[in-house]
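J.: If you scroll down you'll find the structure; I have some questions about it.
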Amino acid sequence: MEFIQFFNTNLILIYLLIFTVILGFEVISKVPTVLHTPLMSGANAISGVVIIGAILLLRSATPDDYVMLILGFLGVVLGMINVAGGFAVTNRMLEMFKKKK
Amino acid sequence: MIFEFVINLAYLLGALAFIIGLRKLSSPDSARGGNLLAGAGMIVAIIAAMIMPLPGASNNYVWILAALAVGGLIGGIASYRVQMTAMPQMVSIFNGLGGACAVVLASSELVNTNSGEYVPSAAQTANILFTLLIGGITFTGSLLAYAKLEELLKDNKFVLPRHAVFNLVLLAVLIILGVYTYLLGLEQGMTFAVVFMAIALLYGISFVIPIGGADMPVVISLLNSFSGISAALAGLIYDNRMMIVGGILVGASGTILTLLMCRAMNRSLLNVLVGGFGGSGTASAASAGGQVAKEVSLNDAAIQLFYSQSVMIVPGYGLAVAQAQKVCKELDDLLAANGVDVRYAIHPVAGRMPGHMNVLLAEADVPYPKLLDLEDANAGLTNTDMVVIVGANDVVNPAAEDDPGSPIYGMPVLKVWDAKHVIVLKRSMRSGYAGIENPLFFHAKTRMLFGDAKDTLSKLASEVKSL
């Protein structure tokens, strides 16, 4: 019963989940073997999107709530390492895949 | 209202940039632009998260900017310094950080619930528990995978007797505890939720422990997928669609790679996770009953290569260990200058992560059209004069084709024995992963060249130069 209610009220979300999964599989299965390592490091960078959550967490923490501040700070640092490191290393790798004359 | 529209539009464009960016990864020529596009999408998302309206928030921008600077600096330096041979380690660590970030977000919800600031609905409770589970496993599992790749930890160390059973029990405990906490509700079940998180962290370690080095491509891919799923789950906590879309895309990517790697080894995911042939029952098939591998001198090998029409180089993990990719390209150039057609045969599970060999050879300036995948390589091998195997073993084992008793029977391999001659560069006669004997070394067409891959290749190159 609880599930049915959840389903009915979150229908758009459920559509989004299912369609994104299918889209993801379609897009990724086109990536050739040669690029699998850059794909993984690029995926690392994209999974750094959790940083959005960490930023929102840090923004809504009260300025004297050090537990939340530290958790949020940690979250943003972790996410940002992924984002910066992931995109930079992928770019470094893909530069090497340039076509030779 | 206009402002809210702008923020929503920013997230939408960001998610779109991820999708189109990944789409552009389908060709090496457009890939770089795709990565930059996805990066731009991420910057837009970060700015949107910074300025979106948040009623009653105290913002703490100083903390945020400091954290962005620290993270950006660490990530930037790491990406600049990392050696291409160490990409598997780097990807592992990054998988782990993504998982850790999700755990941090979920545990902040625990803290908020505990202090009564937040009363999660049943759906939110389930979601927080899933985030703790997947994020926790990703975090510790990835750290352990890193330790194994960096060889801080030897394979098979700390493997308990009946480790697979131990893992199953742990998993069962996690499921029961998770369901119980869910039924209790987070407020009442707070202690259980914390224990649940601790066991998830323990499980991450325990499930990677029995998995051997050669199975690392599967583990890294799987953890990559988990890091995406945990990001998507965290996105559900914050009801942020861009986090959901980004996380799912990564989850799909990791899942596809996991399946590809399993297929390339002809094993099921379960079989890899249980620790398949790394473990006990190594039914060592017909050990090399007194057979002797024939050696070849450097000079003879150089002459043979020099007068070949076509050469196929088969790189393996040994190439990465010896950092031999540049010398390999040097030999390639010398031979090509003499009109030899040099190409590379890349097995999907060669190395320690998907595409590992391709990146190393790209670093050494080998143009990617010369890198053949399994099918193309096998089609081309019949017309190849010489095969040079550099630090690969199981992926060129004929037992996978013709010995039903072999643990790797059925695995698709590079049929190097279809070529006219085979030279194997190898450190010693030590057998490969899990002690599987390789009959290729005793094959009539095969000659051995012992020594460190980099050293041998550079000697070969200077022999070729002097011809």
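Chain order of the listed sequences is A and B. Using my numbering, read the first sequence as starting at 60 and increasing by one per residue. Using my numbering, read the second sequence as starting at 45 and increasing by one per residue. Glycine included, each C-beta is placed from N, C-alpha and C at the ideal position.
Determine whether the beta carbon atoms of A:PHE84 and B:ALA296 lie at a separation below 9 Å.
T.: Residue numbering aside, residue 84 of chain A sits at position 25 when the first sequence is read from its first letter. Residue numbering aside, residue 296 of chain B sits at position 252 when the second sequence is read from its first letter. Closer than 9 Å, so yes.
J.: Assign B:PHE485 to buried or exposed, taking buried as 16 or more other Cβ atoms, counted over all protein chains shown, within 10 Å of its Cβ.
T.: If you number the second sequence from 1, residue 485 of chain B lands on position 441. Looking at its Cβ environment, which holds 16 or more other Cβ atoms inside 10 Å, B:PHE485 is buried.
J.: What are the boundary residues of the alpha helix (DSSP H) that B:PHE26 is part of?
T.: Any question about residue 26 of chain B goes unanswered here, given that chain B covers just 45 to 511.
J.: Given a threshold of 16 other Cβ atoms within 10 Å of its Cβ, counted over all protein chains shown, does B:ALA242 qualify as buried or as exposed?
T.: Counted from its first residue, the second sequence places residue 242 of chain B at position 198. Flag for B:ALA242 reads exposed.
J.: On a Cα-Cα basis, can you pick out the residue from B:GLY298, B:MET286, B:VAL371 that is closest to B:THR500?
T.: The count along the second sequence starts at 1 and reaches residue 500 of chain B at position 456. Checking every option, the nearest Cα to that of B:THR500 belongs to B:VAL371.
J.: Starting from B:ALA389, trace the beta strand (DSSP E) both ways and give me its first and last residue.
T.: In the second sequence, residue 389 of chain B corresponds to position 345, counting from 1. Looking at the DSSP string, the run of the beta strand (DSSP E) that includes B:ALA389 is 385-389.
J.: Tell me whether B:ILE255 sits in a helix, a strand or coil according to DSSP, three-state version.
T.: Residue 255 of chain B sits at position 211 when you count from the first residue of the second sequence. In this structure, B:ILE255 counts as coil in the three-state DSSP scheme.
J.: In chain order, what residues of the same chain have a beta carbon less than 6 Å from the beta carbon of B:TYR412, not counting five sequence neighbours either side?
T.: The residue given as residue 412 of chain B occupies position 368 in the second sequence. Excluding sequence neighbours, B:TYR412 sits near PRO72.
J.: Between B:GLY115 and A:MET152, is the Cβ-Cβ spacing less than 9 Å?
T.: On the second sequence, residue 115 of chain B is found 71 positions in, with the first residue counted as 1. On the first sequence, residue 152 of chain A is found 93 positions in, with the first residue counted as 1. No, these two residues do not count as a Cβ contact at 9 Å.
J.: Tell me, which residues are paired with B:THR490 by DSSP?
T.: On the second sequence, position 446 is the one that residue 490 of chain B refers to. Beta-bridge pairing links B:THR490 to B:VAL466.
J.: Based on DSSP bridge pairs, tell me the residues matched to B:ASP502.
T.: Within the second sequence, residue 502 of chain B is the residue found at index 458, counting from 1. The question names Asp, but residue 502 of chain B in the sequence shown is Ser. DSSP, once it has assigned bridges, lists no residue as partnering B:SER502.
J.: Within a Cβ cutoff of 6 Å, which residues of the same chain sit near B:LEU149, ignoring the five residues on either side of it in sequence?
T.: The residue given as residue 149 of chain B occupies position 105 in the second sequence. Contacts found: ALA278.
J.: How would you list, in chain order, the residues of chain B whose beta-carbon sits under 7 Å from the beta-carbon of A:ILE87?
T.: Taking the first sequence and counting its residues from 1, the one referred to as residue 87 of chain A is at position 28. Going along chain B in sequence order, the residues near A:ILE87 (Cβ under 7 Å) are LEU66, ALA296, SER297, ILE300.
J.: Ignore the nearest five residues each way along the sequence and tell me which others in B:ALA89's own chain have a CB closer than 6 Å to its CB.
T.: Numbered from its first residue, the second sequence carries residue 89 of chain B at position 45. Within the same chain, B:ALA89 has close Cβ partners GLY58, MET286.
J.: So the beta strand (DSSP E) A:MET139 belongs to, where does it begin and stop?
T.: The sequence position of residue 139 of chain A within the first sequence is 80, counting from 1. Counting along the chain, A:MET139 falls outside any beta strand (DSSP E), though it belongs to the alpha helix (DSSP H) covering 125-155.
J.: Taking only beta-carbon atoms, is A:PRO60 less than 9 Å away from chain B?
T.: Your numbering for residue 60 of chain A matches position 1 in the first sequence. Reading off the sequence, residue 60 of chain A comes out as Met, not Pro. Cβ-Cβ to chain B under 9 Å: no for A:MET60.
J.: Enumerate in chain order the residues of its own chain whose CB-to-CB distance from B:PHE47 is below 8 Å, with the five nearest sequence positions on each side excluded.
T.: If you number the second sequence from 1, residue 47 of chain B lands on position 3. The residues are PRO97.
J.: Pull up the distance between the alpha-carbon of B:SER331 and that of B:ALA443, whole angstroms please.
T.: Numbered from its first residue, the second sequence carries residue 331 of chain B at position 287. Numbered from its first residue, the second sequence carries residue 443 of chain B at position 399. Only weak support exists for where B:SER331 lies, its pLDDT of 46 falling under 50; the coordinates are left without a value.
J.: Name the chain A residues whose beta carbon is nearer than 7 Å to that of B:ASN139?
T.: As a working note, residue 139 of chain B is residue 95 in the second sequence. Result: ASN103.
J.: When DSSP labels each residue in this structure, what does A:VAL162 get in the three-state scheme?
T.: Absent from the model: residue 162 of chain A. The displayed extent of chain A is 60 to 160, so no value can be given.
J.: Here's the rule: buried if 16 or more other CB atoms are within 10 angstroms of the residue's CB, otherwise exposed. What is B:ILE220?
T.: For this step, residue 220 of chain B is matched to residue 176 along the second sequence. Exposed, because fewer than 16 other Cβ atoms sit within 10 Å of the Cβ of B:ILE220.
J.: How close, in whole Å, do the beta carbons of B:LEU196 and B:GLY140 come, if the pair is a contact with beta carbons under 8 Å?
T.: Here residue 196 of chain B corresponds to residue number 152 of the second sequence, with the count starting at 1. Here residue 140 of chain B corresponds to residue number 96 of the second sequence, with the count starting at 1. Contact doesn't hold; Cβ gap of about 14 Å is too wide.
J.: Among B:LEU458, B:ALA82, B:PRO448, which one has its Cα closest to the Cα of B:ILE63?
T.: As a working note, residue 63 of chain B is residue 19 in the second sequence. Comparing Cα positions, the closest option is B:ALA82.
J.: So, is the C-beta of B:VAL432 closer than 9 Å to a C-beta in chain A?
T.: For the purposes of this step, residue 432 of chain B is identified with residue 388 of the second sequence, where counting begins at 1. Cβ-Cβ to chain A under 9 Å: no for B:VAL432.
J.: Could you give the distance in angstroms between the alpha-carbon of B:ALA327 and the alpha-carbon of B:VAL431?
T.: By one-based count along the second sequence, residue 327 of chain B stands at place 283. By one-based count along the second sequence, residue 431 of chain B stands at place 387. Unreliable positioning characterises B:ALA327 in this predicted model, as indicated by a pLDDT of 39, which lies under 50. A coordinate reading is not provided.
J.: Taking C-alpha atoms, which residue in A:ILE110, A:ALA113, A:TYR125, A:HIS95 lies nearest to B:LEU301?
T.: Taking the second sequence and counting its residues from 1, the one referred to as residue 301 of chain B is at position 257. Answer by Cα proximity: A:HIS95.
J.: Among B:ASP377, B:PHE350, B:GLN168, which one has its Cα closest to the Cα of B:ASP429?
T.: Here residue 429 of chain B corresponds to residue number 385 of the second sequence, with the count starting at 1. Per the Cα distances, B:PHE350.
J.: Just mark B:SER165 as buried or exposed, buried being the case when its beta carbon has 16 or more other beta carbons within 10 Å.
T.: Position 121 of the second sequence holds residue 165 of chain B. When all chains shown are included, B:SER165 counts as exposed.
J.: Look up B:LEU117 in the DSSP assignment and say whether it is helix, strand or coil.
T.: Counting from one through the second sequence, the residue named residue 117 of chain B turns up at place 73. Three-state result, B:LEU117: helix.
J.: So with Cβ pairs under 9 Å, would you call B:LEU227 a contact of chain A?
T.: By one-based count along the second sequence, residue 227 of chain B stands at place 183. Not an interface residue.
J.: Can you pull the chain A neighbours of B:LEU112, defined as C-beta to C-beta under 7 Å?
T.: The sequence position of residue 112 of chain B within the second sequence is 68, counting from 1. Correct list: VAL135, MET139.
J.: For the alpha helix (DSSP H) holding A:ILE111, just list the boundary residues, first then last.
T.: Here the question's residue 111 of chain A lines up with position 52 in the first sequence. Run containing A:ILE111: 110-119, per the alpha helix (DSSP H) assignment.
J.: Would you report the Cα separation of B:GLU339 and B:ALA144, rounded to the nearest angstrom?
T.: Counted from its first residue, the second sequence places residue 339 of chain B at position 295. Counted from its first residue, the second sequence places residue 144 of chain B at position 100. So the alpha carbons of these two residues sit roughly 51 Å apart.
J.: Starting from the Cα of B:ILE28, find the closest Cα among A:GLY101, A:SER88, A:SER106, A:SER100 and give me that residue.
T.: For residue 28 of chain B there is no data in the structure shown, the boundaries of chain B being 45 and 511.
J.: Please list the terminal residues of the continuous beta strand (DSSP E) segment that includes B:MET131.
T.: Indexing the second sequence from 1 puts residue 131 of chain B at position 87. From DSSP, B:MET131 is part of no beta strand (DSSP E) but of the alpha helix (DSSP H) over 131-158.
J.: If you reduce the DSSP assignment to three classes, tell me which class B:GLU195 lands in.
T.: What you label residue 195 of chain B is simply residue 151 of the second sequence in a count that begins at 1. The answer is coil: DSSP assigns B:GLU195 none of H, G, I, E or B.
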